[in-house]
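**Student:** Take this structure first; my questions come after.
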Amino acid sequence: MMEWVNVIIQGVLIGGLYAMFAAGLALIFGVMRLVNIAHGDLIVVAAYLALIVTGAVGVNPLAAILIVAPVMAAIGYVLQRALLNWTLGDDLLPPLLVTFGLSVIIQNGLLELFTADSRRLAAGAIEVASFPVAEGIWIGVLPFIQLVAAIAVIGGLQVLFYSRPLGRAFRATADDPSVAQLMGLDNRHVFALAMAVSLAVIAVAGVLIAIRTNFDPAIGPARLIFGFEAVIIGGLGSLWGTLAGGIILGVSQAIGAHIDPGWQQLAGHLAFLAILAVRPQGLFPRIQG
Amino acid sequence: MPEALLEVRSLDAHYGDFQALFSVSLAAAAGDVVAVIGANGAGKSTLLNSIAGLIRSRPDAILFRGEPIGELPAHAVVARGIALVPEGRRLFPSLTLEENLLIGGQLARPGPWNLARVYELFPALAERRHLPSARLSGGQQQMGAIGRALMSNPSLLLCDELSLGLAPIVVRDLYARLPQIVAEGVSLIIVEQDVVQALNAAKEVYCLQEGRVALAGRSASLSHAAISAAYFGA
Chain A
466 MMEWVNVIIQ GVLIGGLYAM FAAGLALIFG VMRLVNIAHG DLIVVAAYLA
516 LIVTGAVGVN PLAAILIVAP VMAAIGYVLQ RALLNWTLGD DLLPPLLVTF
566 GLSVIIQNGL LELFTADSRR LAAGAIEVAS FPVAEGIWIG VLPFIQLVAA
616 IAVIGGLQVL FYSRPLGRAF RATADDPSVA QLMGLDNRHV FALAMAVSLA
666 VIAVAGVLIA IRTNFDPAIG PARLIFGFEA VIIGGLGSLW GTLAGGIILG
716 VSQAIGAHID PGWQQLAGHL AFLAILAVRP QGLFPRIQG
Chain B
253 MPEALLEVRS LDAHYGDFQA LFSVSLAAAA GDVVAVIGAN GAGKSTLLNS
303 IAGLIRSRPD AILFRGEPIG ELPAHAVVAR GIALVPEGRR LFPSLTLEEN
353 LLIGGQLARP GPWNLARVYE LFPALAERRH LPSARLSGGQ QQMGAIGRAL
403 MSNPSLLLCD ELSLGLAPIV VRDLYARLPQ IVAEGVSLII VEQDVVQALN
453 AAKEVYCLQE GRVALAGRSA SLSHAAISAA YFGA
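Chains as they are written, first to last, in the working numbering: chain A, 466 to 754; chain B, 253 to 486.
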């Protein structure tokens with residue numbers, strides 16, 4: 466019994482990471498109808514940036530987030546203004562193709578710069594530290610930090626979206642980009658800010674997962690698919706739904722892995738397919754006005 | 253004649269190969285109420301969308317305070333002081349009424365209009381401020397759309413088909429508020445299919461027919477027959 470409680474708790478803890486991948490993805494899809502195929506590779510870019518920062522400054526990877534997140538935000542802004550804005554229009558296909566190309570470019574660029582060697586961010590003693598919550602149940606400090614970070618990030622996005630002028634601008638532009646311009650909003654700038662927020666969010670997630678598991682230049686698409694699955698399970702209606710989606714995915718994977726280590730990914734995909742079949746709009750769909 | 257606040261000079265507009273406006277000229281002085289009337293598809297909305305910057309034009313085809321604004325994008329045009337109430341209201345459905353007004357005011361141009369002033373003009377909005385805009389009636393949505401445009405403190409307000417889909421009594425009520433807006437120093441250009449309403453509200457009238465100005469003059473001086481001919485074509 467305790468064994469299963471433990472499994473589920475571990476699943477919940479990893480689910481926070483998936484929720485952050487998903488929140489970044491959902492945010493830009495919601496604001497500008499852009500499906501970012503390079504999302505996973507940008508998560509990996511954040512991990513390599515953290516590798517550089519920790520190597521150069523010698524700080525803990527958790528502290529490196531304070532540098533990596535703003536850098537990723539800046540990359541997001543420039544990427545959107547210089548490239549992705551030109552692909553937006555009535556057709557969903559051009560941004561899909563361009564971000565697919567971007568994904569290939571990032572993977573190969575990382576391969577050139579960092580070789581195919583598998584890396585990990587070393588965070589020191591915190592990696593193995595844990596604390597007991599009940600008889601026979603221990604929670605790792607690092608996974609716990611990850612879940613707390615996910616809740617903080619998603620709560621922060623919730624505040625940004627629903628009680629800040631920038632979030633209002635995001636929602637208005639998502640509703641009706643042409644009328645949003647009549648309010649004095651420059652769509653190109655609003656979209657670039659949305660991409661900046663998205664990449665800042667995945668910078669946090671990218672660094673946290675790089676402390677937990679190995680990464681290499683080709684791992685991006687695997688990250689992307691967890692993000693996609695969490696978005697679709699959660700539905701596009703609310704950010705907390707995204708968190709729920711991430712946690713459901715994390716728990717499914719943990720249960721699968723406990724039955725047989727080879728079933729970890731399969732169990733996640735099966736949970737995703739089951740929800741897609743039963744409730745294609747996701748658990749928390751967007752409410753149509 | 254006082255110096256024109258807005259001057260449109262032989263404006264052409266195209267949608268792909270289709271030409272919607274042919275050398276349209278129009279002027280509005282500060283404090284004016286100008287009506288643009290015409291049948292469906294005459295080019296009225298195209299004219300307003302061109303002025304508002306949603307459709308780009310030749311730079312000198314549109315002058316505002318003497319400066320060319322024809323090629324400015326919409327977000328830059330509103331920053332200069334021209335606000336558009338779009339056809340069909342088009343409030344942002346996922347925002348509350350008050351959020352719609354706030355986003356209209358996000359440029360923070362100085363002027364008399366703020367939330368309190370808009371609620372004073374349209375008291376019906378005040379009690380519904382926290383409702384999702386989609387839950388408002390058509391008339392309330394239209395008030396919201398006017399309020400949202402006023403929040404940018406424009407010198408010139410463009411109103412596209414205020415009467416569209418609304419009951420006559422609601423339309424009368426809306427038009428009865430317009431003088432209060434003009435009294436705050438806002439000039440109006442009203443596009444309207446409801447000719448009687450437009451003639452009552454406006455000092456100057458332009459009648460468009462198939463993308464051309466078929467008739468222009470002071471609303472008091474135009475005969476019924478002349479308007480009818482310009483509206484429907486000879």
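C-beta: ideal position from N, C-alpha, C; glycine also.
1. What in chain B is Cβ-close to A/R757, meaning under 9 Å?
2. So if I threshold CB-CB distances at 8 Å, which residues from the stretch 354-388 of chain B count as touching chain A?
3. Please determine, among A/L701, A/G685, A/A588 and A/L549, the residue with the shortest C-alpha to C-alpha distance to A/V518.
4. Could you tell me which of A/I667, A/F626, A/Q729 and A/L673 sits nearest to A/F486, measuring between CA atoms?
5. Is the number of C-beta pairs between the stretch 690-703 of chain A and the stretch 568-578 of chain A that are closer than 8 Å three or more?
6. Rounded to whole angstroms, how far is the Cβ of B/L458 from the Cβ of B/L273, which I believe are closer than 8 Å?
7. Is A/A645 close to chain B? Criterion is C-beta to C-beta, closer than 9 Å.
8. In the DSSP assignment, what residue or residues form a beta bridge with B/Y267?
9. Could you check whether the Cβ of B/V423 sits closer than 9 Å to any Cβ belonging to chain D?
10. Listing by chain order, which chain A residues have their CB less than 7 Å from the CB of B/E351?
11. Taking contact to mean 3 or more Cβ pairs, one atom from each stretch, closer than 8 Å, check whether the stretch 732-740 of chain A and the stretch 708-715 of chain A are in contact.
12. Return the chain-ordered list of same chain residues with a C-beta closer than 7 Å to the C-beta of B/S404, the five sequence neighbours on each side being excluded.
13. Would you call the CB atoms of B/L306 and A/L553 closer than 9 Å?
14. Taking three-plus beta-carbon pairs below 8 Å as touching, is the stretch 610-628 of chain A in contact with the stretch 475-486 of chain A?
15. At the level of alpha carbons, what is the spacing between B/A435 and B/A477?
16. Pick out the complete alpha helix (DSSP H) segments inside the stretch 677-742 of chain A, 4 residues or longer, and give them in chain order.
17. A/G605 lies in the beta strand (DSSP E); which residues open and close that run?
18. How about A/N573: is its C-beta nearer than 9 Å to some C-beta of chain B?
19. If we count the other Cβ atoms within 10 Å of its Cβ and call it buried at 16 or more, is A/D582 buried or exposed?
20. Quick one: which chain A residues come within Cβ less than 8 Å of B/L336?
21. Classify B/Q392 as helix, strand or coil using the three-state DSSP reduction.
22. With 16 as the cutoff for other CB atoms within 10 Å, does A/G754 come out buried or exposed?
23. Please classify B/S297: does DSSP put it in a helix, a strand, or coil?
24. How would you write the range of the beta strand (DSSP E) that B/I442 sits in, first residue to last?
25. Along the chain, where does the beta strand (DSSP E) containing A/S595 start, and where does it finish?
26. Can you have a look at B/F270 and say buried or exposed, based on whether 16 or more other CB atoms are within 10 angstroms of its CB?
27. Anything in chain A within Cβ reach of B/P325, meaning under 8 Å, just list it in chain order.
28. Thinking C-beta only, is A/A488 closer than 9 Å to A/I619?
29. Ends of the beta strand (DSSP E) at B/G335?
30. Per DSSP, B/Q461 forms a beta bridge with which residues?
31. Taking the straight line between their C-alpha atoms, what separation do you get for B/V276 and A/T707?
32. Comparing the C-beta of B/L408 with each C-beta of chain A, is any distance below 9 Å?
33. Using alpha carbons as the reference points, say which of A/L741, A/V662 and A/N550 lies closest to A/I697.
34. Determine, using beta-carbon pairs with one atom in the stretch 655-664 of chain A and one in the stretch 632-642 of chain A, whether at least three such pairs fall under 8 Å.
35. Run through chain A and tell me which residues come within less than 8 Å of B/L299, C-beta to C-beta.
36. With B/R424 and B/L373 assumed to form a contact (beta carbons below 8 Å), what rounded beta-carbon distance in angstroms separates them?
**Tutor:** Checking against the coordinates, here is how it stands:
1. Nothing can be reported for residue 757 of chain A, as the shown portion of chain A is limited to 466 through 754.
2. Taking 8 Å as the Cβ-Cβ cut-off, the stretch 354-388 of chain B approaches chain A at L354, I355, G356, Q358, L359, P384, S385 and A386, given in chain order.
3. Its Cα nearest to that of A/V518, the residue A/A588 stands out among A/L701, A/G685, A/A588 and A/L549.
4. Nearest option by C-alpha distance: A/I667.
5. Verdict: no, contact absent.
6. The sequence as given places Tyr at residue 458 of chain B; Leu does not occur at that position. That pair is no contact at about 12 Å.
7. At a cut-off of 9 Å, the C-beta of A/A645 has a neighbouring C-beta in chain B.
8. The partner list for B/Y267 (beta bridge, DSSP) reads B/F270.
9. In the structure shown, chain D cannot be found, because the protein chains are A and B.
10. R633, listed in chain order.
11. Yes, they touch.
12. Counting only Cβ-Cβ distances below 7 Å, and skipping sequence neighbours, we find V330, A335, G356, G357, L359 and R361.
13. Contact: no.
14. Between the stretch 610-628 of chain A and the stretch 475-486 of chain A there are three or more inter-stretch CB-CB distances shorter than 8 Å, so the stretches are counted as touching.
15. Straight-line Cα distance between these residues: approximately 32 Å.
16. For the stretch 677-742 of chain A, whole alpha helix (DSSP H) runs of length 4 or above, ordered along the chain, are 685-699 and 704-724.
17. Boundaries of the beta strand (DSSP E) around A/G605: I602 to G605.
18. Any Cβ of chain B closer than 9 Å to the Cβ of A/N573 would place that residue at the interface, and such an atom is absent.
19. Exposed: under 16 other Cβ atoms inside 10 Å.
20. Correct list: L647.
21. Note: B/Q392 maps to helix in three-state DSSP.
22. Here the model assigns A/G754 a pLDDT of 37, short of 50, so the residue's position is not dependable and the matter cannot be decided.
23. In the structure shown, B/S297 sits in a helix (DSSP, three-state: H, G or I).
24. Residues S439 to E444.
25. Its beta strand (DSSP E) spans residues S595 to A599.
26. Classification for B/F270: exposed.
27. Taking the beta carbon of B/P325 as reference, the chain A residues within 8 Å of it are Q646 and D651, listed in sequence order.
28. Less than 9 Å separates the beta-carbon of A/I619 from that of A/A488.
29. Looking at the sequence itself, residue 335 of chain B is Ala, so the reference to Gly does not match. I334 to V337 is the span of the beta strand (DSSP E), which, as asked, contains B/A335.
30. In the DSSP assignment, B/Q461 is bridged to B/R464.
31. Whole-angstrom Cα-Cα distance: 52 Å.
32. It does not; no Cβ of chain A falls within 9 Å.
33. Considering only alpha carbons, the answer is A/L741.
34. Segments in contact, yes.
35. Going along chain A, no residue has its Cβ under 8 Å from B/L299, so there is no contact; the nearest lies around 15 Å.
36. Between B/L373 and B/R424 the Cβ distance is about 16 Å, and since that is not below 8 Å, they are no contact.
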